[in-house]
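Chains as they are written, first to last, in our numbering: chain A, 1 to 280; chain B, 281 to 560.
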């Protein structure tokens with residue numbers, strides 16, 4: 001497995017044989033089984049697999065956890081090698097944002113709700129860095145996790161609107177035994193917080209079950225989910241959403257089509273997100 | 281020569297043999313010898329040459345000449361074929377901006393002066409459509425004319441900042457016998473306006489000569505150029521600039537390095553631009 005810090009080395013490796021297909025797995029490191037499931041999926045669908053490890057500063061706002069975001073490069077590289085990765089791109093900030101950098105990519109409608117409402121500069125940072133990573137790696141297929149539901153929708157729009165010549169592959173959320181979605185941020189949780197954090201998935205699952213039983217009133221579903229989350233004394237709700245799965249607009253009445261149940265919950269300073277997409 | 285309206289046909293043609301190099305010449309049609317010089321240059325440097333003809337609505341502001349912009353598709357295709365073009369992409373607006381389109385690319389510093397000051401939404405439209413055309417055509421080399429000096433600087437920044445895997449090739453301005461820079465917009469000029477329009481290049485040339493004689497005071501150079509342009513009764517100056525050729529900031533003192541002399545002048549409703557770049 002090759003580990004490269006520079007864009008020029010990545011280019012050389014990527015285009016050594018232009019007939020090969022490449023799968024790209026962009027990450028911020030501190031890898032867990034969710035990331036590795038993306039690498040494993042990419043491994044089965046491409047001649048070559050590239051992962052990137054870059055904690056992108058522009059998708060963190062002032063006061064968020066950029067400086068404390070967990071890092072474990074040596075362990076990450078061991079895990080990537082074991083999962084069958086061929087090339088890892090580990091750039092310094094200055095390789096991605098050199099002096100004079102002044103360009104931004106923005107997806108402007110479906111970024112206003114949910115995560116975008118709580119983190120208004122987040123998706124601009126994501127769209128810009130993913131555009132760069134797509135142009136650096138020029139993958140045939142790019143792999144992202146369903147865990148970041150709105151991100152997957154924003155990136156689908158980005159790929160469609162800017163005509164990237166690649167397939168987005170969205171892989172299922174990988175969960176701990178109690179249902180907690182795997183996330184690098186789970187490392188921040190105290191033991192008590194960790195014991196209560198399964199409530200996100202529990203609430204989403206109960207909301208899903210209510211809908212599958214025939215509930216059409218989205219407010220009822222949100223109410224049930226909120227009530228469940230509030231039973232955990234350390235949980236503080238940021239949002240609970242029952243939205244159209246394409247536009248991300250909050251639903252009044254649940255109709256056939258794509259529906260996204262999602263939530264963001266604070267435990268102390270740690271902000272966890274989770275979701276369940278439904279096709280009705 | 282193949283003429284395609286759809287992105288999928290372009291992709292199929294572009295990637296039929298991934299080992300070939302491709303030159304891209306993006307245009308808004310109504311071709312003149314300036315455009316054809318780009319095609320001819322691309323012809324000598326690539327296995328395949330693609331031109332695009334698309335009058336991009338997003339780079340025109342309200343009240344500009346989008347609806348009157350001259351069009352001559354049949355003649356354009358004849359000229360492109362003669363110049364050795366292999367593939368022409370002629371999309372409808374809806375192929376480039378389908379319903380739900382919501383993504384923007386912006387270069388945010390060097391777009392504030394000169395053309396960007398007079399046309400504040402222009403370069404956002406240019407950066408977005410060029411990003412799309414780069415991703416659609418995925419060229420090895422992309423050709424633009426020096427006539428649009430600020431555009432060439434904005435696109436260099438775009439390619440660098442978003443890591444497009446291509447070379448930008450900037451080709452010299454092609455001029456009429458009296459020095460007028462070739463432009464599709466010259467077709468708007470009345471006979472009297474046309475007779476006076478050579479003054480842009482005349483003023484830029486006199487400005488250049490003053491600098492080459494040793495003038496260090498940029499205000500003196502601007503003053504000379506303005507005086508010359510104002511001698512033409514139909515000319516109305518938008519701007520006359522002596523700027524740093526990289527940052528595009530107006531100079532007080534002319535020092536060694538890149539200097540850009542540029543001007544925008546109205547003749548009636550027709551806005552003409554021209555420039556001379558200097559390396560001192």
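All C-beta atoms in this analysis are idealised placements derived from N, C-alpha and C, irrespective of residue type, glycine included.
Check: Any chain B beta carbon closer than 8 Å to residue 109 of chain A; Outcome: yes
Check: Proximal residues to residue 278 of chain A (C-beta, below 6 Å), its chain only, five neighbours per side dropped; Outcome: 259
Check: Closer than 8 Å at the beta carbon, the chain B residues around residue 57 of chain A; Outcome: Simply none; closest approach about 15 Å.
Check: Supposed contact pair residue 405 of chain B and residue 352 of chain B - C-beta distance, whole angstroms, cut 8 Å; Outcome: Not quite, the Cβ-Cβ distance comes to about 22 Å (not below 8 Å), so this is no contact.
Check: Proximity test, Cβ basis, 8 Å: residue 168 of chain A and chain B; Outcome: no
Check: Simplified DSSP state of residue 249 of chain A, which is helix, strand or coil; Outcome: coil
Check: 6 Å CB neighbourhood of residue 276 of chain A in its chain, flanking five on each side removed; Outcome: 204, 208 and 261
Check: Where residue 162 of chain A meets chain B, residues with beta-carbon distance less than 7 Å; Outcome: 383, 411, 412 and 415
Check: Contact belief for residue 88 of chain A with residue 79 of chain A at Cβ below 8 Å, rounded distance in angstroms; Outcome: In fact, because the Cβ distance is near 10 Å, the residues do not count as touching under 8 Å.
Check: Interface flag, residue 555 of chain B vs chain A, CB-CB below 8 Å; Outcome: no
Check: Inter-residue CB distance, residue 375 of chain B and residue 287 of chain B (contact presumed, cutoff 8 Å); Outcome: 6 Å
Check: Selection of the stretch 3-18 of chain A by Cβ proximity to chain B, strictly under 7 Å; Outcome: 7, 11 and 18
Check: Expected contact under 8 Å - CB spacing of residue 553 of chain B and residue 496 of chain B to nearest Å; Outcome: With a Cβ gap of about 26 Å, residue 553 of chain B and residue 496 of chain B do not count as contacting.
Check: Under 8 Å between C-beta atoms of residue 286 of chain A and residue 412 of chain B; Outcome: Beyond the ends of chain A as shown, which are 1 and 280, falls residue 286 of chain A; an answer cannot be given.
Check: Nearest neighbour of residue 149 of chain A, chosen from A/141, A/16, A/171 and A/164 [CA to CA]; Outcome: A/171
Check: Neighbourhood of residue 142 of chain A by C-beta distance below 6 Å, restricted to the same chain and skipping five residues each side; Outcome: 24, 166 and 168
Check: Reduced DSSP secondary structure (H/G/I, E/B, other) of residue 21 of chain A; Outcome: coil
Check: With 16 other Cβ atoms within 10 Å as the buried cut-off, status of residue 228 of chain A; Outcome: buried
Check: Beta-bridge partners of residue 171 of chain A, as assigned by DSSP; Outcome: A/145
Check: Chain A within 8 Å of residue 438 of chain B, Cβ atoms only; Outcome: yes
Check: Cα-Cα separation, residue 115 of chain A to residue 108 of chain A; Outcome: 13 Å
Check: Partner residues on chain B for residue 138 of chain A, Cβ-Cβ distance less than 9 Å; Outcome: 418 and 445
Check: Sequence-distant residues of the same chain with beta carbon closer than 6 Å to residue 84 of chain A, five excluded per side; Outcome: 43
Check: Interface partners of residue 374 of chain B on chain A, CB under 7 Å; Outcome: By Cβ distance, chain A contributes nothing, its closest Cβ being about 13 Å from residue 374 of chain B, past 7 Å.
Check: Cβ of residue 106 of chain A within 8 Å of any chain B Cβ; Outcome: yes
Check: Span of the alpha helix (DSSP H), counted from its first residue to its last, around residue 53 of chain A; Outcome: Here residue 53 of chain A belongs to no alpha helix (DSSP H); instead the beta strand (DSSP E) covers 48-53.
Check: Straight-line gap, residue 283 of chain A to residue 127 of chain A (C-alpha atoms, nearest Å); Outcome: Given a span of 1 to 280 for chain A in the structure shown, any question on residue 283 of chain A remains unanswerable.
Check: Any 3 or more C-beta pairs closer than 8 Å across the stretch 177-197 of chain A and the stretch 240-255 of chain A; Outcome: no
Check: According to DSSP, residues forming a beta bridge with residue 516 of chain B; Outcome: B/546
Check: Residue 462 of chain B vs residue 343 of chain B beta-carbon contact at 8 Å; Outcome: no
Check: Simplified DSSP assignment, three categories, for residue 559 of chain B; Outcome: strand
Check: Where residue 71 of chain A falls: helix, strand or coil (DSSP); Outcome: coil
Check: For residue 2 of chain A: DSSP bridge partner residues; Outcome: A/87
Check: Within 8 Å, strictly: CB atoms of residue 196 of chain A and residue 134 of chain A; Outcome: no
Check: Near the ligand NAP: residue 11 of chain A beta-carbon under 7 Å from a heavy atom; Outcome: Among the ligands in the structure shown, none appear at all, so the ligand NAP cannot be discussed.
Check: Residue 284 of chain A and residue 31 of chain A closer than 8 Å at C-beta; Outcome: This structure leaves residue 284 of chain A out entirely; chain A is present only between 1 and 280.
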